[in-house]
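Engineer: Sharing a structure, written as structure tokens. Questions coming.
2 protein chains.
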Amino acid sequence: MRLVIRPFAIELKEPFALSVGSRTSTPAVLAELHHAGLVGYGEVALPPYLGWTQAAVCQALERVVWPDDPDPLNLDALLTAAASALGDLPPALAALDIALHDLFGKILGQPLYALWGLDLARIPPTSLTLSLAAPEAIQRKARQATEYEIIKLKLGGPDDRALVAAAREATDRPLSVDANQGWRDRAAALDFIHWLAERNVLFVEQPFPARRLDDHAWLAERSPLPIIGDEAIRGMADVIAARGVYHGVNIKLAKCGGLRAARAMLTVARALGLKTLIGCMTETSCAVSAAAHLSPLADWADLDGAALIANDPFTGAQLIAGRLTPRPAPGIGVEPRAPA
Amino acid sequence: MRLVIRPFAIELKEPFALSVGSRTSTPAVLAELHHAGLVGYGEVALPPYLGWTQAAVCQALERVVWPDDPDPLNLDALLTAAASALGDLPPALAALDIALHDLFGKILGQPLYALWGLDLARIPPTSLTLSLAAPEAIQRKARQATEYEIIKLKLGGPDDRALVAAAREATDRPLSVDANQGWRDRAAALDFIHWLAERNVLFVEQPFPARRLDDHAWLAERSPLPIIGDEAIRGMADVIAARGVYHGVNIKLAKCGGLRAARAMLTVARALGLKTLIGCMTETSCAVSAAAHLSPLADWADLDGAALIANDPFTGAQLIAGRLTPRPAPGIGVEPRAPA
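First to last, the protein sequences are chains A and B.
Mapping the first sequence onto the numbering used here, position 140 (from 1) lands on 140, and the numbers just tick up by one.
For the numbering used here, add 1000 to where a residue sits in the second sequence, where the first one is 1.
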């Protein structure tokens, strides 16, 4: 078993603006796991706000040593050993976990959703995320994005109400909003959410800074819309701590360490009565397709990452009737594109 | 897809005595799911104390209607529909769930543990359960059961201390004890558990009646040994409610509705920091083998059900180095025996 690691610079189609800053590219790491004539593909994207660097992820992955005669179907043993070798670095584990799952599915000749017994009819519609922009740009993009059933707005600035009003004028599709920790005042947030609730908004992500548990709990107790934790939710412990603080959790492969962890977190969140959103970074069709296989387990999906990038090295899951749908091909179901 | 349902009377090798009564047979229901030339086998045993009858389970299973063109790999859709048709009857769902998983594995040509990516090296040793008996009989059986690494004693009567002392004299292997709700007094129970803790006992199952949450919470806070809920634990809601009341949970396919539910419960229990025991009824190699595939996810196993019965219609998982180990054959890995 041989792991090939490629640092990769994801180029965004348009600058991506959040309340915490703007960027035109995302560092990423691609992983290829070669075994018995097959290749498993994995990826993790590393937006700077997460605090994990491309170099650290590559260095950690270089440290992984495989057993002499690995059983690639023994995912638990391989991932447990790899997690221990990688230390506390979820994105490195995510890249490896996706590659191992892809290889696993290819060996068994089945797509992951089939091996997991999941029902593609339960894939929720995925939202298209519009980054912070002028109201006219929001309107133009919302009108153009006819293939998406839900539009997600990045908020957290002084013009939130104007942006939502603009989007609402341009489309009657449901919206979701993501404050990216940008709000500060409890009462103002609650007031705004009441206003949003009258405008066909589905949920609100991460209103306040992640560490402000009391503010989120106060808001969740009163909010007419579900309050979803994102920056506050990385691994399983955060899902368990979310009860009483959030109504739901945004689970992303890059944050939690890949498909094995995300699947367990989706199971636990549902059991605890939490709503689940499966999300992504600005990332290639590799990581987004992997997440799409899990999406029948989630209440909502926000898997538009590959639609936002200009240099996707893969083809994979496709938008069908607004749902990002895995290809019925073994593993995660992606194909490398021929180099341009 | 065609379901054949067979009521079956399991005959016990010896009368099985608990603090709640004794019996020489267990009613069961066998299920065969025929599809595309393959047969998936399922089973549920119905010890009377659970309160579910063989007739009710058979009648419920007769009501299941399959879609015209079912996709047997879409386990979630089939099980969700079946659960709804069966109503709130976990043992009926368990028989069907095992048969569907067996068929699923046979279609994919792989044992379930491989499809789940589980590590057989993590299978815990299974205990042999000795039912209530005179101290001499306990000693004889403990000495004979050389292939088991753990002996489980059924307690809950006036002679508990004498029985444990007798077993301890006969073997130095670890013991576990199951009071089957037979204890009444908090202080006496705690005193006894301190005595047990000095005698290489691993854990204590269901000391008091299941509904006595306060007594169990009081005991769990003080006990030097893990306190495990069994009769108190049926489905997922009971696992979640177990935090702060028990240190761990005994998960059985017959109680919770089969492999899908048990797997989710094992995931949730671990995430919540609960210990997990995977248990069984006095049942055939069919249901016991199914549980063995999940056992790498549990801390302890008590999968001796098929060893206690006289008319096992299947061969399946085998005891290897004290661990009940699934055969490396597709699905649950059982074979019907030729009729005698």
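A virtual CB, placed ideally from N, CA and C, is assigned to each residue, including glycine.
If contact means a Cβ-Cβ distance below 7 Å, which residues of the stretch 1102-1119 of chain B contact chain A?
Structural biologist: Within the stretch 1102-1119 of chain B, the residues whose Cβ lies closer than 7 Å to some Cβ of chain A are Phe1104, Leu1108, Gln1110, Ala1114, Leu1115, Gly1117, Leu1118 and Asp1119, listed in chain order.
Engineer: Taking buried to mean at least 16 other C-beta atoms within 10 Å of its own C-beta, is Pro1158 of chain B buried or exposed?
Structural biologist: By the neighbour-count rule (16 or more Cβ atoms within 10 Å), Pro1158 of chain B is not buried but exposed.
Engineer: Label Pro326 of chain A either buried or exposed according to how many other C-beta atoms from any shown protein chain fall within 10 Å of its C-beta, with 16 as the threshold for buried.
Structural biologist: With 16 or more Cβ atoms within 10 Å of its Cβ, Pro326 of chain A is classed as buried.
Engineer: Does any C-beta atom of chain A lie closer than 8 Å to the C-beta of Thr1267 of chain B?
Structural biologist: Thr1267 of chain B counts as touching chain A.
Engineer: What in chain A is Cβ-close to Pro1296 of chain B, meaning under 8 Å?
Structural biologist: The answer, in chain order, is Asp76.
Engineer: Taking the alpha-carbon positions, what's the Thr129 of chain A to Leu259 of chain A distance?
Structural biologist: For Thr129 of chain A and Leu259 of chain A, the distance between alpha carbons rounds to 23 Å.
Engineer: Alpha carbon to alpha carbon, how far is Val1201 of chain B from Val1177 of chain B? Give it in angstroms, no decimals.
Structural biologist: If I take the Cα positions, the gap works out to 7 Å.
Engineer: Return no unless some Cβ of chain A is closer than 8 Å to the Cβ of Ala1121 of chain B.
Structural biologist: Output row for Ala1121 of chain B: interface = yes.
Engineer: Check whether chain B comes within 8 Å of Ala264 of chain A, counting only Cβ atoms and requiring the distance to be less than that.
Structural biologist: By this cut-off, Ala264 of chain A is an interface position.
Engineer: Determine whether the beta carbon atoms of Cys286 of chain A and Gly305 of chain A lie at a separation below 8 Å.
Structural biologist: The answer is no: Cβ separation not under 8 Å.
Engineer: Leu1003 of chain B: which of B:Leu1033, B:Ala1028 and B:Arg1023 sits nearest, CA to CA?
Structural biologist: Nearest of B:Leu1033, B:Ala1028 and B:Arg1023 to Leu1003 of chain B, Cα basis: B:Leu1033.
Engineer: Thinking Ala290 of chain A and Ile98 of chain A are a contact (beta carbons under 8 Å), I'd like their distance in whole angstroms, please.
Structural biologist: With 8 Å as the limit, Ala290 of chain A and Ile98 of chain A qualify as a contact, their Cβ atoms being about 5 Å apart.
Engineer: Indicate whether Ile1193 of chain B and Leu1225 of chain B have their beta-carbon atoms separated by less than 8 Å.
Structural biologist: Yes, Cβ-Cβ distance for Ile1193 of chain B and Leu1225 of chain B is below 8 Å.
Engineer: Find the residues of chain B that neighbour Leu38 of chain A, judging by a C-beta separation of less than 9 Å, and give them in chain order.
Structural biologist: What Leu38 of chain A touches in chain B: nothing, since even the nearest Cβ is about 16 Å away.
Engineer: Among B:Tyr1041, B:His1035, B:Ala1017 and B:Arg1006, which has the Cα closest to the Cα of Val1029 of chain B?
Structural biologist: Taking only the C-alpha atoms, the option nearest Val1029 of chain B is B:Arg1006.
Engineer: Closer than 7 Å, Cβ to any Cβ of chain A: which residues of the stretch 1225-1250 of chain B, in chain order?
Structural biologist: Taking 7 Å as the Cβ-Cβ cut-off against chain A, the residues of the stretch 1225-1250 of chain B that qualify are Met1236 and Ile1240.
Engineer: In whole angstroms, what separates the C-alpha of Asp214 of chain A from that of Ala242 of chain A?
Structural biologist: Asp214 of chain A and Ala242 of chain A: Cα-Cα distance of roughly 12 Å.
Engineer: Is there a C-beta anywhere in chain A that falls below 8 Å from the one on Leu1046 of chain B?
Structural biologist: Not one chain A Cβ lies under 8 Å of Leu1046 of chain B.
Engineer: Across which residues does DSSP place Asn250 of chain A in a beta bridge pair?
Structural biologist: BP columns for Asn250 of chain A point to A:Leu277.
Engineer: Cβ of Gly331 of chain A within 8 Å of Cβ of Leu103 of chain A?
Structural biologist: Yes, Cβ-Cβ distance for Gly331 of chain A and Leu103 of chain A is below 8 Å.
Engineer: Against Leu1073 of chain B, what residues of chain A qualify as contacts under a CB-to-CB distance less than 7 Å, listed in chain order?
Structural biologist: Neighbours of Leu1073 of chain B on chain A, chain order: Ala114 and Gly117.
Engineer: Roughly how many angstroms lie between the CA atoms of Leu1163 of chain B and Leu1219 of chain B, to the nearest whole one?
Structural biologist: Whole-angstrom Cα-Cα distance: 22 Å.
Engineer: DSSP state of Gly21 of chain A, grouped into three classes?
Structural biologist: It is a strand residue.
Engineer: Does the distance between the C-beta of Leu1038 of chain B and the nearest non-hydrogen atom of the ligand GDP fall short of 7 Å?
Structural biologist: What this structure holds is no ligand at all, so the ligand GDP is not there to describe.
Engineer: List the DSSP bridge partners of Tyr41 of chain A.
Structural biologist: A:Glu32.
Engineer: Once DSSP output is grouped into helix, strand and coil, what is the label at Thr315 of chain A?
Structural biologist: Three-state result, Thr315 of chain A: strand.
Engineer: With 8 Å as the threshold, decide whether the Cβ of Ala271 of chain A is near any Cβ in chain B.
Structural biologist: For Ala271 of chain A, the answer is yes, since a Cβ of chain B falls inside 8 Å of its Cβ.
Engineer: When you compare the CB of Asp230 of chain A with every CB in chain C, is at least one pair closer than 8 Å?
Structural biologist: Absent from the structure is chain C; the protein chains it does hold are A and B.
Engineer: Whether or not the stretch 1268-1278 of chain B and the stretch 1304-1322 of chain B are in contact is what I'm after, with contact meaning three or more pairs of Cβ atoms, one per stretch, closer than 8 Å; do they touch?
Structural biologist: Touching, no.
Engineer: Please confirm whether Ala9 of chain A and Ser25 of chain A have their CB atoms less than 8 Å apart.
Structural biologist: Yes, they are a contact pair.
Engineer: Please classify Asp238 of chain A as buried or exposed, where buried requires at least 16 neighbouring CB atoms within 10 angstroms.
Structural biologist: By the neighbour-count rule (16 or more Cβ atoms within 10 Å), Asp238 of chain A is buried.
Engineer: As a quick exercise: from B:Glu1231, B:Glu1221, B:Glu1198 and B:Gly1235, pick the residue whose alpha carbon is nearest that of Gly1244 of chain B.
Structural biologist: For Gly1244 of chain B, the nearest C-alpha among the options comes from B:Glu1221.
Engineer: Taking the C-alpha atoms as reference points, what is the distance between Arg317 of chain A and Asp191 of chain A?
Structural biologist: Position check: residue 317 of chain A holds Ala in this sequence, whereas Arg was assumed. Rounded to the nearest angstrom, the two C-alpha atoms are 39 Å apart.
Engineer: What did DSSP end up calling Trp1066 of chain B once you bin it into helix, strand or coil?
Structural biologist: Coil at Trp1066 of chain B, not helix or strand.
Engineer: Would you give the residue range spanned by the alpha helix (DSSP H) that Ile150 of chain A belongs to?
Structural biologist: Not the alpha helix (DSSP H): Ile150 of chain A falls in the beta strand (DSSP E), residues Ile150 to Lys154.
Engineer: Taking Gly322 of chain A as the reference, give the member of A:Ala271, A:Tyr148 and A:Ala167 with the closest Cα.
Structural biologist: Selected option, being the one with the closest Cα: A:Tyr148.
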